[in-house]
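Here is the structure we will look at, set down as structure tokens.
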Amino acid sequence: MQGKKILITGGTGQVARPVAEALAPDNEVWCLGRFHDPTARKALWELGAQTVVWDMATDELGDLPRDFTHVLHSAVHRGDGRDFEDTARINAVGTARLMTHCSAAESFLYVSSGVVYDRADHTHRYRVGDPLGGAAPWLPTYPVAKLSAEGVVRGLAEALALPAVIARLNIAYGPYGHGGLPVILFNQMRGGQPCAVPRHGQNYCNLLHTDDLVRQVPLLWDVARVPARVVNWGGDEEVGITDLLQYMSELTGVPVELDRGDHSRETAIFDHDARRDLVGRCTIGWRTGVARTLAELFEEYRDRIEDHLERRRAEPE
11 MQGKKILITG
21 GTGQVARPVA
31 EALAPDNEVW
41 CLGRFHDPTA
51 RKALWELGAQ
61 TVVWDMATDE
71 LGDLPRDFTH
81 VLHSAVHRGD
91 GRDFEDTARI
101 NAVGTARLMT
111 HCSAAESFLY
121 VSSGVVYDRA
131 DHTHRYRVGD
141 PLGGAAPWLP
151 TYPVAKLSAE
161 GVVRGLAEAL
171 ALPAVIARLN
181 IAYGPYGHGG
191 LPVILFNQMR
201 GGQPCAVPRH
211 GQNYCNLLHT
221 DDLVRQVPLL
231 WDVARVPARV
241 VNWGGDEEVG
251 ITDLLQYMSE
261 LTGVPVELDR
271 GDHSRETAIF
281 DHDARRDLVG
291 RCTIGWRTGV
301 ARTLAELFEE
311 YRDRIEDHLE
321 RRRAEPE
């Protein structure tokens, strides 16, 4: 993608920052965010991105230009778990302000979440069109945030004739930001903390490496439409969280203690047929992606990880 004028919200997040960094050299990229971390803002600026402090809970868009060709909206007010009314209002109003401000754009991409689905059993493959009304015991207001914004995107896409796509993200990870769920879990392992897993079986997810995420954003912009298109957005492989923990232990030599009880954070697996038809398959296998992520973020394990991968490559098929 070249020569476009792109607006990205949540500019320092796990999704937005790598997209902004990839697109800034060849496009005019503007990033909105709270920018509590000045180093992240400086890094974006050095790559050529314009950065604007914006808190969707309080700030209007002021003097921000209106002639953006593409918008990626990944900012979210998650809430504190109790403020359902404020969470709904802040996400709905912030999204509405953004869409009306950028109503002349060619494409609007909203990053939603699989948390919006009404939970079935842990082996269910969620399809677009499955019942909504998700629950998140770890943060009850989070599904409200995403569902509120999805409703606004659907409504204003049609009211403004603004082509839009709602991408329900599974689990993004990679060597950016906090690294995503694999890195969160690995830090628990390093700290000697037990990692919560289900009493029986394991939770499954679709890990999406940031290299695939970055590559797919322009492709998703290309398939935006009116009415808004909804897609599931994750990796092609179904990954067991217990398998992930054991693989990270194998890679690094850090032991993992499994806490088999009732406190694991539930994940989900998606049906990705529609996404593959629209933008193609992913290119980064989860084992390769996790190994690369840990090696980049944790220098002290890099040699061991590379030795492990070399031995695996040398093994007969």
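For the sequence shown, the working numbering begins at 11 and goes up steadily by one. Just so you know, even glycine gets a beta-carbon here, dropped at the ideal spot from N, CA and C.
Query, Result
"Nearest-angstrom Cα distance between LEU223 and ASP313?", "27 Å"
"Is MET258 closer than 8 Å to PRO150 when the C-beta atoms are compared?", "no"
"State the Cα-Cα distance for the pair VAL154 and HIS111, rounded to the nearest angstrom.", "23 Å"
"So, helix, strand or coil for ILE315, using DSSP?", "helix"
"For MET66 and ASP253, I'd like the C-alpha separation in whole angstroms.", "38 Å"
"Identify every run of the alpha helix (DSSP H) within the region 35 to 95, keeping only runs that are complete inside it and at least 4 residues long; order them along the chain.", "48 to 56"
"Determine, using beta carbons only, whether ARG302 comes closer than 8 Å to chain C.", "Within the model displayed, chain C is absent; a lone protein chain is all it includes."
"What does the Cβ neighbour count give for TYR311, buried or exposed, with the cut at 16 atoms within 10 Å?", "buried"
"What are the complete beta strand (DSSP E) segments, minimum 3 residues, inside the region 275 to 323?", "none"
"Output the distance between the C-alpha atoms of LEU304 and VAL227, rounded to the nearest integer angstrom.", "24 Å"
"State yes or no: is the C-beta of GLY21 within less than 8 Å of the C-beta of THR68?", "no"
"Report yes if the C-beta distance between SER158 and ALA102 is below 8 Å; otherwise report no.", "yes"
"Compare the Cα-Cα distances from ALA177 to each of CYS205, PRO141, LEU82, GLY91 and report the closest residue.", "LEU82"
"Considering just the uninterrupted stretch of the beta strand (DSSP E) at LEU268, what are its terminal residues?", "268 to 271"
"Ordered along the chain, which non-local residues of its own chain (more than five positions away) have a Cβ less than 6 Å from that of ALA59?", "ALA30, ALA34, VAL39, CYS41"
"Using alpha carbons as the reference points, say which of ASP283, ARG322, MET109, ASP96 lies closest to GLY297.", "Correcting the residue type first, residue 297 is Arg in the shown sequence and not Gly. Checked all of ASP283, ARG322, MET109, ASP96; the closest Cα to ARG297 is ARG322."
"Classify PRO28: buried if its beta carbon has 16 or more other beta carbons within 10 angstroms, exposed otherwise.", "buried"
"Quick check on ALA414: buried or exposed, where buried means 16 or more other Cβ atoms within 10 Å of its Cβ?", "The structure shown does not extend to residue 414, since the chain is modelled only from 11 through 327, so no value can be given for it."
"In the DSSP output, what is CYS205 paired with across the bridge?", "LEU268"
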